[in-house]
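>
There are 2 protein chains.
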Amino acid sequence: MKKKITLKQIARELDVSISTVSKALRNSVEISEDTRLKVQAFAKFYNYRPNNIALSLKNRKTKTIGIIIPEIVHHFFSKVISGIEAVANKRGYNVIVGLSNESFAKEVINMEMLANGSIDGFILSIAKETLQQQDYHHFTETINQGMPIVMFDRVVKEINCDKVIVDDVLGAKKAVSKLLDNGCKNVAIITTKDYVSVGKLRTQGYLEALEENKINPKASLILKVDDELLSEDHLDALEKEIDNLFKNNKKLDGIFAVNELYAITAMKVARKLSLKIPEDLQIIGFTDGVLSKHAVPSLTTVSQHGQKIGEKAAELLINNLEREDEEDVCETVIIETELIERDSTK
Amino acid sequence: MKKKITLKQIARELDVSISTVSKALRNSVEISEDTRLKVQAFAKFYNYRPNNIALSLKNRKTKTIGIIIPEIVHHFFSKVISGIEAVANKRGYNVIVGLSNESFAKEVINMEMLANGSIDGFILSIAKETLQQQDYHHFTETINQGMPIVMFDRVVKEINCDKVIVDDVLGAKKAVSKLLDNGCKNVAIITTKDYVSVGKLRTQGYLEALEENKINPKASLILKVDDELLSEDHLDALEKEIDNLFKNNKKLDGIFAVNELYAITAMKVARKLSLKIPEDLQIIGFTDGVLSKHAVPSLTTVSQHGQKIGEKAAELLINNLEREDEEDVCETVIIETELIERDSTK
DNA sequence: TGTCAACACGAAAACGTTTTCGTAAACTGT
DNA sequence: ACAGTTTACGAAAACGTTTTCGTGTTGACA
Numbered sequence: 086m087k088k089k090i091t092l093k094q095i096a097r098e099l100d101v102s103i104s105t106v107s108k109a110l111r112n113s114v115e116i117s118e119d120t121r122l123k124v125q126a127f128a129k130f131y132n133y134r135p136n137n138i139a140l141s142l143k144n145r146k147t148k149t150i151g152i153i154i155p156e157i158v159h160h161f162f163s164k165v166i167s168g169i170e171a172v173a174n175k176r177g178y179n180v181i182v183g184l185s186n187e188s189f190a191k192e193v194i195n196m197e198m199l200a201n202g203s204i205d206g207f208i209l210s211i212a213k214e215t216l217q218q219q220d221y222h223h224f225t226e227t228i229n230q231g232m233p234i235v236m237f238d239r240v241v242k243e244i245n246c247d248k249v250i251v252d253d254v255l256g257a258k259k260a261v262s263k264l265l266d267n268g269c270k271n272v273a274i275i276t277t278k279d280y281v282s283v284g285k286l287r288t289q290g291y292l293e294a295l296e297e298n299k300i301n302p303k304a305s306l307i308l309k310v311d312d313e314l315l316s317e318d319h320l321d322a323l324e325k326e327i328d329n330l331f332k333n334n335k336k337l338d339g340i341f342a343v344n345e346l347y348a349i350t351a352m353k354v355a356r357k358l359s360l361k362i363p364e365d366l367q368i369i370g371f372t373d374g375v376l377s378k379h380a381v382p383s384l385t386t387v388s389q390h391g392q393k394i395g396e397k398a399a400e401l402l403i404n405n406l407e408r409e410d411e412e413d414v415c416e417t418v419i420i421e422t423e424l425i426e427r428d429s430t431k
Numbered sequence: 086m087k088k089k090i091t092l093k094q095i096a097r098e099l100d101v102s103i104s105t106v107s108k109a110l111r112n113s114v115e116i117s118e119d120t121r122l123k124v125q126a127f128a129k130f131y132n133y134r135p136n137n138i139a140l141s142l143k144n145r146k147t148k149t150i151g152i153i154i155p156e157i158v159h160h161f162f163s164k165v166i167s168g169i170e171a172v173a174n175k176r177g178y179n180v181i182v183g184l185s186n187e188s189f190a191k192e193v194i195n196m197e198m199l200a201n202g203s204i205d206g207f208i209l210s211i212a213k214e215t216l217q218q219q220d221y222h223h224f225t226e227t228i229n230q231g232m233p234i235v236m237f238d239r240v241v242k243e244i245n246c247d248k249v250i251v252d253d254v255l256g257a258k259k260a261v262s263k264l265l266d267n268g269c270k271n272v273a274i275i276t277t278k279d280y281v282s283v284g285k286l287r288t289q290g291y292l293e294a295l296e297e298n299k300i301n302p303k304a305s306l307i308l309k310v311d312d313e314l315l316s317e318d319h320l321d322a323l324e325k326e327i328d329n330l331f332k333n334n335k336k337l338d339g340i341f342a343v344n345e346l347y348a349i350t351a352m353k354v355a356r357k358l359s360l361k362i363p364e365d366l367q368i369i370g371f372t373d374g375v376l377s378k379h380a381v382p383s384l385t386t387v388s389q390h391g392q393k394i395g396e397k398a399a400e401l402l403i404n405n406l407e408r409e410d411e412e413d414v415c416e417t418v419i420i421e422t423e424l425i426e427r428d429s430t431k
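See the structure below:
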């Protein structure tokens, strides 16, 4: 077991100073060709690599990006990470991941843990609990300390930082318009409670589409599901709520769901009620998950391009980190959604 | 913007030495209550936190775990990460993620990048390309440098390190036995080429189950899919191969697929052939993905407990890192699979 | 031979900690 | 009053780099 070798050890072996070794390895002109080659050969033989930690300490840069997301077992978030990682890696950065599990406390702890020198900047999506409590002090403090943040998907206007979002309103509007164009007369939305920013925005898009088509929204067609029900454990409760939606709206012929699980569950309930998709009922979901593609019938969906979101977020952050001048203009990039038509619509 | 404060700055402000500040903050008895309280108050006010990088350099420990996996947009792998993160976090460790994208070169680069001081140890699952080339020098070198590795799922016996695997053979055998018990007479397997270790093992389980039931394996019932076809882009090619499987085996009444996608695709093909599931054809998959649960009919599957695998891997690694005595006995932990019966079997 | 530049290298500081050791000053006991 | 002990603190090393600056040696040139 040969441990990693250091400059000091090379210096001692070759009977020169540490500075000489360092300079030789960096091809400094100060060093004679003789010693330079000697040092380089020795270093190569012992497979010398500079210690990242020492470099980080010296340069006050870690070349590492911190990601804080609510959960990782989720197609969208893993796509985003994948995008971040790709760009980060290409530009010489590593990626360190913290999970908030939608908890405010864990989000704060994770950020504090990483903010003490471990990383150069954050890319994050806010936990639901944080959104509920509307306590954003940990974000402002981090930014005040000079550590840049890029938020994606679940963002909040109170914080002044780079953001990458999708055009939730427009995406939802396009989806609902599609349903209306396809002849749906009674389009319902299955959404979340309003504190989830994206749920709220998508609901807004739904309303705008109705308005544009001169249709009055009906309260009974708007199902705001309590958030607990998103967890896989409460599927039957979710099914029951959706079942009620059908019961209360006999003429329901179109559903726009703000996420994949709601959409798939709606399909399941419809099937139990012997409704034919897309003949009797058309459904559109939101997200670019794996379920939509493989469901039967496959689900028409508003794709968010998670990978692209991640890539863009990483670019923004790294550009910010490597910018010379200190002026930071906070940019908000909108990644366009795309309606992917499959078999759940006509 | 107030930057992070350091010991040195506190020392200067309070007109004491750095050592005094450090000791005061760590409640050393060497320091009088007077100065101790003064320093602590000051530190608290300025929200002092020790710099992680400096600590890492001093302690030669980063309290960070490196994860290298083939891809992250995958239910199983994200479950594993989730498990690792949970345990790591609880024990005061962070998690840094590198993706190999199944490429040997990227796996090597990622490991080299992290091995130079950034992390204390690795948890990884081997890239397919690495498995093909059977070049494991980067693993042995890392271990020789005194950096522990824990492998999971895709492991290789040539490397001597802790491993966490599932009982692939037994899990497959249980699944196939289930099909046979349920009355299937012609059970096919859809698997990968043999260099993917888990594919090979699961095929072995299939064969053992047949043997135990005194059934001779038929070559035409064993479909070894070329690996390229796992990518989402080649779904139709995959469908065609499976379609051929049906064509060549008219009496096919059971399918065991070594992953979720193969199983779902088989269901899709079966549907097109107007086969009823589970009446005409029973299907069992392998993995604990989200597709199985929400497919229609829902898919009976061999669950691998990805979360548990991650937790166990993290425990093994951290225990190893924090062990006093240097003797490392390489442990291989087997996480039992579980057959989750759903609607694709009788 | 004396002066100066070029050359080749080393010493030391800096990044932010922790910890060992040394030492004044104050206190103890007789 | 004096030796010995405790108290309270500071200096410095160490972790592994990079970089600035200083310096001894060499060679050239007048």
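Protein sequences appear in the order of chains L and S.
Using our numbering, the first residue of the first sequence is number 86, and each one after it goes up by one.
Using our numbering, the first residue of the second sequence is number 86, and each one after it goes up by one.
Yeah, the Cβ is synthetic: ideal placement off N, Cα and C, and Gly gets one too.
Comparing alpha-carbon positions, which option in Gly256/S, Ile340/S, Arg111/S and Val193/S lies nearest Thr422/S?
For Thr422/S, the nearest C-alpha among the options comes from Gly256/S.
> Under 8 angstroms by Cβ, that's how I've got Lys108/S and Ile116/S pegged, so tell me the actual separation to the nearest angstrom.
Confirmed, about 5 angstroms.
> Can you give the Cα-Cα distance for Tyr435/L and Ile275/L, rounded to whole angstroms?
Nothing can be reported for residue 435/L: it is not among the residues displayed for chain L, which extend from 86 to 431.
> When the cut-off is 8 angstroms and only beta carbons count, does Arg97/S lie next to chain L?
It does not: the Cβ of Arg97/S has no partner Cβ on chain L nearer than 8 angstroms.
> At what residue ranges does the segment 301-381 of chain L contain a whole run of the beta strand (DSSP E), taking only runs of 3 or more?
DSSP runs (the beta strand (DSSP E)) wholly in the segment 301-381 of chain L: 307-310, 339-342 and 367-371.
> Around the Cβ of Ile419/L, are there at least 16 other Cβ atoms within 10 angstroms (buried) or fewer (exposed)?
With fewer than 16 Cβ atoms within 10 Å of its Cβ, Ile419/L is classed as exposed.
> Identify the continuous beta strand (DSSP E) that holds Ala212/S and give its terminal residues.
Neither: Ala212/S is in no beta strand (DSSP E) and is coded neither H nor E.
> May I have a chain-ordered list of the beta strand (DSSP E) segments no shorter than 3 residues that lie completely inside the segment 388-419 of chain S?
As far as the segment 388-419 of chain S is concerned, it has no whole beta strand (DSSP E) run of at least 3 residues.
> Beta-carbon of Lys88/S versus every beta-carbon of chain L: anything under 8 angstroms?
Judged by the 8 angstroms Cβ criterion, Lys88/S is in contact with chain L.
> Around the Cβ of Leu306/S, are there at least 16 other Cβ atoms within 10 angstroms (buried) or fewer (exposed)?
Burial call: buried.
> Report yes or no: is there a C-beta of chain S within less than 8 angstroms of the C-beta of Ile138/L?
Judged by the 8 angstroms Cβ criterion, Ile138/L is in contact with chain S.
> Does the distance from the CB of Leu366/L to the CB of Ser377/L come in under 8 angstroms?
Cβ atoms of Leu366/L and Ser377/L: not closer than 8 angstroms.
> Taking 8 angstroms as the cut-off, decide whether the C-beta atoms of Lys258/S and Glu293/S are in contact.
A contact, by the Cβ cut-off of 8 angstroms.
> Helix, strand or coil, according to DSSP, for Lys108/S in the structure here?
Helix at Lys108/S.
> Would you kindly report the start and end of the unbroken alpha helix (DSSP H) that includes Ile169/S?
Where Ile169/S is concerned, the enclosing alpha helix (DSSP H) stretches over His160 to Lys175.
> Please say whether Glu197/L and Glu214/L have beta carbons closer to each other than 8 angstroms?
Contact: no.
> Identify the continuous beta strand (DSSP E) that holds Glu293/S and give its terminal residues.
Looking at the DSSP string, Glu293/S is not in any beta strand (DSSP E); the run it does join, the alpha helix (DSSP H), is Ser282 to Glu297.
> Count the C-beta pairs between the segment 259-275 of chain L and the segment 218-234 of chain L that are closer than 8 angstroms, then say yes if the count reaches three, no if not.
Too few Cβ pairs lie closer than 8 angstroms, so no.
> Kindly indicate which three-state DSSP category Glu423/S falls into: helix, strand or coil?
Three-state DSSP puts Glu423/S in a strand.
> State the beta-bridge partners of Gly206/S as determined by DSSP.
Bridge partners of Gly206/S: Ile150/S.
> First and last residue of the beta strand (DSSP E) that includes Leu199/S?
Not the beta strand (DSSP E): Leu199/S falls in the alpha helix (DSSP H), residues Phe189 to Ala200.
> Got a sec, what are the start and stop residues for the beta strand (DSSP E) Val180/S sits in?
Segment Asn179 to Leu184, the beta strand (DSSP E) holding Val180/S.
> For Ala96/L, which residues does DSSP report across the bridge?
DSSP output for Ala96/L lists no bridge partner at all.
> Anything in chain L within Cβ reach of Leu376/S, meaning under 7 angstroms, just list it in chain order.
The contacting residues are Val375, Leu376 and His379.
> Taking only three categories from DSSP, how would you classify Asp279/S?
Three-state DSSP puts Asp279/S in coil, outside helix and strand.
> Our contact map puts Lys406/L next to Gly206/L with C-beta atoms below 8 angstroms; I'd like the distance itself, whole angstroms only.
Looking at the sequence shown, residue 406/L is not Lys but Leu. Yes, they are in contact, since the Cβ atoms of Leu406/L and Gly206/L sit about 6 angstroms apart, within 8 angstroms.
> Decide if the segment 357-372 of chain L is in contact with the segment 393-403 of chain L; the criterion is three or more beta carbon pairs, one per stretch, under 8 angstroms apart.
At 8 angstroms Cβ cutoff, the stretches do not touch.
> Any contact between the segment 339-349 of chain L and the segment 388-396 of chain L? By contact I mean 3 or more CB pairs, one from each, below 8 angstroms.
The segment 339-349 of chain L vs the segment 388-396 of chain L: no contact.
> For Thr120/L, does the three-state DSSP call read helix, strand or coil?
It is helical.
> Tell me the residue span of the alpha helix (DSSP H) that contains Ile228/L.
First-last of the alpha helix (DSSP H) with Ile228/L: His222 to Asn229.
> Using CA atoms only, rank isn't needed, just tell me which of Lys353/S, Tyr291/S and Lys309/S is closest to Pro41/S.
Here chain S has residues from 86 to 431 only, and residue 41/S is not among them.
> Counting contacts by CB-CB distance shorter than 8 angstroms, is Ser359/L in contact with chain S?
Judged by the 8 angstroms Cβ criterion, Ser359/L is not in contact with chain S.
> Check the Cβ-Cβ distances between Ile198/L and every residue of chain S, and say whether any is below 8 angstroms.
In the sequence on display, residue 198/L carries Met and not Ile. So, interface residue.
> Can you give me the start and stop residues for the beta strand (DSSP E) that Val251/S sits inside?
Residues Asp247 to Val251.
> Taking all protein chains shown into account, decide if His379/S is buried (16 or more other Cβ within 10 angstroms of its Cβ) or exposed.
Label assigned to His379/S: buried.
> Looking only at C-alpha atoms, which of Lys93/L, Gln219/L and Ile327/L sits nearest to Ser282/L?
Closest by alpha carbon: Gln219/L.
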